[in-house]
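Working notes for the structure below.
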Amino acid sequence: MKNLKFLSILMLVLVLSLTACKNKHEHAYVGGKCECGETDSNYVPPHVHEYESEVINPTCTEAGYTKYTCACGDTYNDLSVASLGHSYGEWQVVKEPTEEETGQKERICSCGEKETEVLPKLEHVHNFVEGVCKCGEVDPDYVAPIVGTPLEEIDAWIKSSYTDDLLIDKGVDVLPTTYLDKDVTITWVSSHPNRVDNTGKIVVRDTKKITEVTLTYTITNEALESMTGSLIFKLYPRSFDYMKSQFEGQFPERLQEDMSDYLETEFNKYFTITWESSDESVFTNEGYYIKPLVDTPVTITYRIEVDENHYIEDFFEMIVLGASDEEKLDIVSSWLQNEIIPDLNVTSDLTLPTSHPDHGTEIVWSTSNERVVSLDGKVTQYVFDRYIDLKAFIYSGDMIKDVTFWLKVKALDTSKMSEEQVLENFLSAIAEEELKRVTFDEYTNISQTFNSLFFFDNKWEDRIEYLIPLGAANRPGKKLASVEFIVCHDTANNNAGALGHAGYVTGSAAGSTSWHYSCGSDGIYHHVPNDEVAHHAGDGTSKGYKLLDSGIKATVERPNLTLDSEGYFCFNGVRSNLKKPSDAPANANITSSGLYYEIGPNGNYWLNDNWWSSNYKYIGNRGGNLNSIGIESMVDAGSDYMKTYRIFADLVAHLLIENNLDVLRVMQHNNISGKDCPAAIRDQGYWQHFRDLISLEKFGMENFEGLTFEWKSGTDILSNDGYIAMKLNGVTEAKYSVVVKRNDNVVIAKEYITKLIDS
Numbered sequence: 012m013k014n015l016k017f018l019s020i021l022m023l024v025l026v027l028s029l030t031a032c033k034n035k036h037e038h039a040y041v042g043g044k045c046e047c048g049e050t051d052s053n054y055v056p057p058h059v060h061e062y063e064s065e066v067i068n069p070t071c072t073e074a075g076y077t078k079y080t081c082a083c084g085d086t087y088n089d090l091s092v093a094s095l096g097h098s099y100g101e102w103q104v105v106k107e108p109t110e111e112e113t114g115q116k117e118r119i120c121s122c123g124e125k126e127t128e129v130l131p132k133l134e135h136v137h138n139f140v141e142g143v144c145k146c147g148e149v150d151p152d153y154v155a156p157i158v159g160t161p162l163e164e165i166d167a168w169i170k171s172s173y174t175d176d177l178l179i180d181k182g183v184d185v186l187p188t189t190y191l192d193k194d195v196t197i198t199w200v201s202s203h204p205n206r207v208d209n210t211g212k213i214v215v216r217d218t219k220k221i222t223e224v225t226l227t228y229t230i231t232n233e234a235l236e237s238m239t240g241s242l243i244f245k246l247y248p249r250s251f252d253y254m255k256s257q258f259e260g261q262f263p264e265r266l267q268e269d270m271s272d273y274l275e276t277e278f279n280k281y282f283t284i285t286w287e288s289s290d291e292s293v294f295t296n297e298g299y300y301i302k303p304l305v306d307t308p309v310t311i312t313y314r315i316e317v318d319e320n321h322y323i324e325d326f327f328e329m330i331v332l333g334a335s336d337e338e339k340l341d342i343v344s345s346w347l348q349n350e351i352i353p354d355l356n357v358t359s360d361l362t363l364p365t366s367h368p369d370h371g372t373e374i375v376w377s378t379s380n381e382r383v384v385s386l387d388g389k390v391t392q393y394v395f396d397r398y399i400d401l402k403a404f405i406y407s408g409d410m411i412k413d414v415t416f417w418l419k420v421k422a423l424d425t426s427k428m429s430e431e432q433v434l435e436n437f438l439s440a441i442a443e444e445e446l447k448r449v450t451f452d453e454y455t456n457i458s459q460t461f462n463s464l465f466f467f468d469n470k471w472e473d474r475i476e477y478l479i480p481l482g483a484a485n486r487p488g489k490k491l492a493s494v495e496f497i498v499c500h501d502t503a504n505n506n507a508g509a510l511g512h513a514g515y516v517t518g519s520a521a522g523s524t525s526w527h528y529s530c531g532s533d534g535i536y537h538h539v540p541n542d543e544v545a546h547h548a549g550d551g552t553s554k555g556y557k558l559l560d561s562g563i564k565a566t567v568e569r570p571n572l573t574l575d576s577e578g579y580f581c582f583n584g585v586r587s588n589l590k591k592p593s594d595a596p597a598n599a600n601i602t603s604s605g606l607y608y609e610i611g612p613n614g615n616y617w618l619n620d621n622w623w624s625s626n627y628k629y630i631g632n633r634g635g636n637l638n639s640i641g642i643e644s645m646v647d648a649g650s651d652y653m654k655t656y657r658i659f660a661d662l663v664a665h666l667l668i669e670n671n672l673d674v675l676r677v678m679q680h681n682n683i684s685g686k687d688c689p690a691a692i693r694d695q696g697y698w699q700h701f702r703d704l705i706s707l708e709k710f711g712m713e714n715f716e717g718l719t720f721e722w723k724s725g726t727d728i729l730s731n732d733g734y735i736a737m738k739l740n741g742v743t744e745a746k747y748s749v750v751v752k753r754n755d756n757v758v759i760a761k762e763y764i765t766k767l768i769d770s
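Residue numbers (the working numbering): 12 to 770.
Laid out in C-alpha cells, this is it:
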C-alpha cells in the first residue's frame, strides 16, 4: 500500500517536470535528470523506508500484535491478537478460621495476580483437658485419673541405696517399705530368713562360710502399678564393723612401745587389711616405735577389703609418746657428745648451744679455765697441751643432768716460734688472771693454802728409796709386761703422811698390797722398782693391757665412748664389734673416768681390754697391776694437800717422760676398777686441772733444758714458790715476777698480777 503511494507521487513529478521543460524551456528533472539529459546538481534522492517486524505476545490483560520499526524511527503496528485472560491455581488456606477469628484463603495467577476470599469463623466446640476447656468451661462429669510415681525411679533408688556393701558391713537393719512421702509400698522376701529376715536385719551369720542371700522386693505405686526386683547379697562371716573394731582395738591411744611382734591384720580369710602410718619417723609401717623427743600425733590410715568393689577406708589418730624428762636429758647428752663435741681433742673454736633445737631443753655451760675455752666456745691454744673440764648442765622439767667433756686443747706448733715467744706463752699460762679459793674437803684438814700459782722451777723432786724387800708378799719381783699407765691414788688415810705409809707398805702389815711411790707434802718415797708389778689397782694379774680392734674407722682423734643398751661399745654413737665383759650385768656402766682407746695402725679405733669389777660395779681398764706404775698420794690431817698436789704432778710428769708416755696415759684408780679414787682430786673436780699441771711440768722439762726460772713474790701472802697463804688479810691481788736465764744470761723477764677472789 505504501509502495503504490510512493510510485504515484513519483509519476506525478515526472509529468510536471516534462511539461515545464517543454513549455518554458526549463529543465524537467526526474530523479535528478532532465529529459534533455541535464543533471540537477541540487538533486537529493528521496528516502526509502526499510522496516523490521517484532511480535508482541498477548498477556492475561493485554492483546498481542506485530510491531514494525524503520531505522529512521518510523513505526506502526499490525495484526492485533486478543488478551489471554487470568489463569489461577488452586485455592490455598493461609489462615485457619477459629471460633474467635475468620480465616483466609487465596489463589495466585501465573502472572502473579493474587485473589483472596475470607473464611467464616468456626462454631465453638468444648475441648476439655483435665476437666477444663480452654474457653474456661468446666466439664461437670470429669474425674481426675490417678498418676503413680514411676516404678523405674523407685527401683533405681533401691538399687543405689541398698547395696551389698551395707549388708557386708553391718546389715541394712530395716529395709525400706515406702518411698519418700509417696503413697508407695515396698514389700520384701528373703531367701534365707534364718540369716537375714524380711526386714533386712541380720539374724545370725554363718561364721564358717559366706551365705548368698536374695532379697526380692515388690513395688506398688499410687496407680496400683507394680514392679518386682531383687538384690543379691553375700553375707560374710564377719562384718566390716567387726573387722574395724578388731584392727583399731590393737592400737593404744598413747603408744610407747613396739607393736611389730603382735600387730595383727589377718582376722578372717575373706578380708584383707592394709594400713600405713603418717609419720614413719616415730611409728613405722612395720609397727616399730621410734621414740620422738616430744609427744607426736600419728594418723593410721587403713583399708579393709573383700575385693576391689567391696571395701571400706578409714583412719584414726593416736599419740606416740615422746621422751620423758629423764629421756630428754639422755637424748640431749648423746646429741652433745655425738654431734656438738664429737672430738675431745680440740684445735678450733666450739659451738656451744644453749638449747636443743627440737624441744628447747635448756643447756648451761661451765668451764674450768675460761682462758683456754670460754663460755661462748672460743678456744685459745698454748705451747703445751691444755686439759680442761667443759660441762653442760641440761635442764628438762624439774630434772637436771650434767655432761662432762674432758677436753685436750692441743698445743700450738712451736716450730716457727722463737724461744722467747715460747717462753712468754708458757709463762702466761702460769700467770693466771684470777684465782679463787680452793678447799680440798674430801678429807679433814688437808687444805693449808688459799690456792697456788704453779711456778715452774725446772727441777726434779727428790725420790727417797724405801723399797719393799724382794720376795715379800707384796713384792713378788714379777716384771711388768710394759709400762702403759701411771695410776694415781690417794690413801684415804687421814692419819699418816708419806713416811708413815712408807713404813706401812714395807712391813708385814701391808699383806699383798703394794704401790710404787708414796707421795706427800713430806716427800716422795719409792717402794717397788718401776719395772716390777705392784698390787695397787685391784684388777688382778691374770690379764693385762691389750688393745682390741673396734672395727670402726676413726673419723676424729678422740671420740666420746659409750655403751649401748645391748652392751656394745660405741664411738660417737656408732656401734663397734666390741661388747662389754661377759660377766657384766645388763645395766653395767663404764667407770666415770673412762676406758683407754687410741687410733690403731689400720686407722680404726682400738679399745683397751676391760673387766667387770664386782666390788665397785663398773667396767674398768685392764693393765692396772700388770702394766702400770702406781702412786699413792697423802691426805693426812694437817698436811698441805696443795703441796702434795704439786709434788704429785711433778712426779707423774717425770714418770711420763721416763716411759715415753702421753698425759692421756695418766689414770685414776677409778679408771681401773671404778673406785672413787683419788677422792681428794675427784671430789674437787680437779682431775683435768691435775692433768693440765702435769702437761705444764712435762713440757717445761722436755723443752727448757739448761734454763733456770727465778720467781719472786711482790706480795706478802704469796711465797716465792707460788703458794698463797690461807688468810688473805684483805689482799685482793698477788704481784710477782720471773726471770728466765741460760747460765747467767737473761732470756726473758716478766711481771704479773693475779686477782684473788675469796668466795
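Glycine residues also receive a C-beta, built at the ideal position from the N, C-alpha and C atoms. These numbers were taken from a predicted model, which means no experiment stands behind them.
Residue burial classification, residue i (beta-carbon count within 10 angstroms, cutoff 16)
{"i": "residue 701", "result": "buried"}
{"i": "residue 756", "result": "exposed"}
{"i": "residue 225", "result": "exposed"}
{"i": "residue 404", "result": "exposed"}
{"i": "residue 688", "result": "buried"}
{"i": "residue 481", "result": "exposed"}
{"i": "residue 630", "result": "buried"}
{"i": "residue 785", "result": "Residue 785 is absent from the model: the chain starts at 12 and stops at 770."}
{"i": "residue 135", "result": "exposed"}
{"i": "residue 660", "result": "buried"}
{"i": "residue 650", "result": "buried"}
{"i": "residue 427", "result": "exposed"}
Straight-line gap, residue i to residue j (C-alpha atoms, nearest Å)
{"i": "residue 736", "j": "residue 513", "result": "29 angstroms"}
{"i": "residue 572", "j": "residue 609", "result": "11 angstroms"}
{"i": "residue 107", "j": "residue 96", "result": "30 angstroms"}
{"i": "residue 14", "j": "residue 55", "result": "Confidence in residue 14 is poor, its pLDDT being 46 and thus under 50, which makes the residue's placement too unreliable to answer from."}
{"i": "residue 632", "j": "residue 543", "result": "19 angstroms"}
{"i": "residue 692", "j": "residue 718", "result": "31 angstroms"}
{"i": "residue 407", "j": "residue 333", "result": "13 angstroms"}
{"i": "residue 726", "j": "residue 742", "result": "9 angstroms"}
{"i": "residue 533", "j": "residue 767", "result": "27 angstroms"}
{"i": "residue 67", "j": "residue 77", "result": "6 angstroms"}
{"i": "residue 143", "j": "residue 109", "result": "19 angstroms"}
{"i": "residue 212", "j": "residue 343", "result": "59 angstroms"}
{"i": "residue 418", "j": "residue 259", "result": "52 angstroms"}
{"i": "residue 86", "j": "residue 80", "result": "4 angstroms"}
{"i": "residue 433", "j": "residue 389", "result": "21 angstroms"}
{"i": "residue 535", "j": "residue 303", "result": "56 angstroms"}
{"i": "residue 145", "j": "residue 138", "result": "7 angstroms"}
{"i": "residue 202", "j": "residue 227", "result": "8 angstroms"}
Other residues of its chain near residue i: CB distance less than 7 angstroms, five sequence neighbours each side excluded
{"i": "residue 641", "result": "498, 500, 526, 527, 545, 547 and 548"}
{"i": "residue 61", "result": "81 and 82"}
{"i": "residue 325", "result": "255 and 313"}
{"i": "residue 582", "result": "561, 563, 570, 572 and 616"}
{"i": "residue 219", "result": "248"}
Cβ-based neighbour list, residue i, same chain, cut-off 8 angstroms, excluding 5 preceding and 5 following
{"i": "residue 522", "result": "484 and 485"}
{"i": "residue 158", "result": "233 and 234"}
{"i": "residue 386", "result": "363, 376, 377 and 378"}
{"i": "residue 524", "result": "485, 516, 546 and 547"}
First through last residue of the alpha helix (DSSP H) which encompasses residue i
{"i": "residue 346", "result": "336-346"}
{"i": "residue 667", "result": "652-669"}
{"i": "residue 454", "result": "Unbroken run through residue 454: none, as it is neither H nor E."}
{"i": "residue 693", "result": "690-695"}
Contacts around residue i, its chain only, beta-carbon distance under 6 angstroms, and the 5 residues preceding and following it disregarded
{"i": "residue 44", "result": "50"}
{"i": "residue 118", "result": "99, 100, 102 and 126"}
{"i": "residue 198", "result": "229"}
{"i": "residue 674", "result": "702, 705 and 706"}
Host beta strand (DSSP E) of residue i (start-end)
{"i": "residue 118", "result": "114-119"}
{"i": "residue 65", "result": "62-67"}
{"i": "residue 587", "result": "585-590"}
Presumed contact (8 angstroms Cβ cut-off) between residue i and residue j, rounded CB distance
{"i": "residue 638", "j": "residue 492", "result": "6 angstroms"}
{"i": "residue 355", "j": "residue 300", "result": "Not a contact, Cβ separation roughly 33 angstroms."}
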